[in-house]
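As structure tokens, the structure follows; a few thoughts come after it.
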Amino acid sequence: MNLQKQNLITVGILVFDDVEVLDACGPFEVFSVARTAHHHEDEHRLFRVHMIAQELRTVSCRGGMLLQPHYAISSHPDLDLILVPGGQGTRRERTNPTLIQWIEQQNQKSQMTMSVCTGAMLLAEAGLLRGLHATTHWNWIEWMRNQYPDVKMLSDTRFVDEGRIITSAGISAGIDMSLHVIARLHGNETALWTARRMEYTWSG
Numbered sequence: 208m209n210l211q212k213q214n215l216i217t218v219g220i221l222v223f224d225d226v227e228v229l230d231a232c233g234p235f236e237v238f239s240v241a242r243t244a245h246h247h248e249d250e251h252r253l254f255r256v257h258m259i260a261q262e263l264r265t266v267s268c269r270g271g272m273l274l275q276p277h278y279a280i281s282s283h284p285d286l287d288l289i290l291v292p293g294g295q296g297t298r299r300e301r302t303n304p305t306l307i308q309w310i311e312q313q314n315q316k317s318q319m320t321m322s323v324c325t326g327a328m329l330l331a332e333a334g335l336l337r338g339l340h341a342t343t344h345w346n347w348i349e350w351m352r353n354q355y356p357d358v359k360m361l362s363d364t365r366f367v368d369e370g371r372i373i374t375s376a377g378i379s380a381g382i383d384m385s386l387h388v389i390a391r392l393h394g395n396e397t398a399l400w401t402a403r404r405m406e407y408t409w410s411g
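Taking our numbering, the leading residue of the sequence shown gets 208, the next gets one more, and so forth.
Structure (structure tokens):
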């Protein structure tokens, strides 16, 4: 079967220098591994996943891992879902008007916008969390409450689903959020099968 002819959901994961590795790569793994329940073959995959950066150059992740994005923000295909990870780089990128504008514009076109960890800062800067419940890494909950008082920050939760906007807590929580999104889009059985293929404990 020609994979290009499948009705795959396209996921764009934003990456930048000092992005937290698992914030970006955990969801990448979940969506790229996802197959129709009880199938392994590539013709049963459900998503195509792209790493997208401001410029098409190697990104230096937190801890020194080097990552080559697929596209730049000026040249990527249409995205159905977008995901904004966290990491130390978000402290810098929250004042980057080019990226903030890109997030805002993509949110207007996409079906769903997600953040992992301190990626919530960038969603808040884009005005996407105003009046919503959200979460982030536990160490940044109070900072977010002070910086963005119009966002109702929740602690002690793996993720918060507000419909089109979903935020997750720190680092590994992005995996749980991504499996939840698969359950929303393709059913709980497919999400459980994805977790099983990853040998990841997830109860749905």
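By construction, the Cβ of each residue, glycine as well, lies at the ideal position given by its N, Cα and C atoms.
- In the three-state reduction of the DSSP assignment, Ser385 falls in the helix class.
- Approximately 11 angstroms separates the beta-carbon atoms of Thr343 and Thr364; this is outside 8 angstroms, ruling out the contact.
- DSSP, read as helix, strand or coil, puts Ile280 in coil.
- For Ala398, the uninterrupted alpha helix (DSSP H) segment begins and ends at Asn395 to Met405.
- The DSSP-derived three-state label of Thr302 is coil.
- CA-to-CA, the gap between Ala390 and Thr397 works out to about 7 angstroms.
- Leaving aside the five residues that flank Asn395 on each side, the residues in its chain whose CB is nearer than 8 angstroms to its CB run, in chain order, Gly411.
- Non-local beta-carbon contacts of Arg371 in its own chain, meaning distances under 6 angstroms to residues more than five positions away in sequence, involve Met319 in chain order.
- One Cα belongs to Asp287, the other to Val218, and the distance between them is close to 6 angstroms.
- In the structure shown, Ser239 adopts helical secondary structure according to DSSP, grouped into three states.
- Here Ile220 is bridged, per DSSP, to Met258 and Leu290.
- At a Cβ-Cβ threshold of 8 angstroms, Leu392 and Glu369 do not count as neighbours.
- With contacts defined by Cβ atoms closer than 8 angstroms, Arg269 and Gln308 do not form a contacting pair.
- Within the same chain, Thr297 and Arg301 come within 6 angstroms of Met328 by CB-CB distance, once the 5 residues on both sides are set aside.
- The C-beta separation of Arg242 from Leu253 comes to about 7 angstroms, placing the pair in contact by the 8 angstroms criterion.
- Excluding its 5 nearest sequence neighbours in each direction, Val226 has C-beta neighbours in its own chain below 6 angstroms: Cys268, Pro292, Gly294 and Gly296, listed in chain order.
- In the structure shown, Thr320 adopts extended strand secondary structure according to DSSP, grouped into three states.
- By the neighbour-count criterion, in which 16 or more other beta carbons inside 10 Å mark a residue as buried, Asp383 falls on the buried side.
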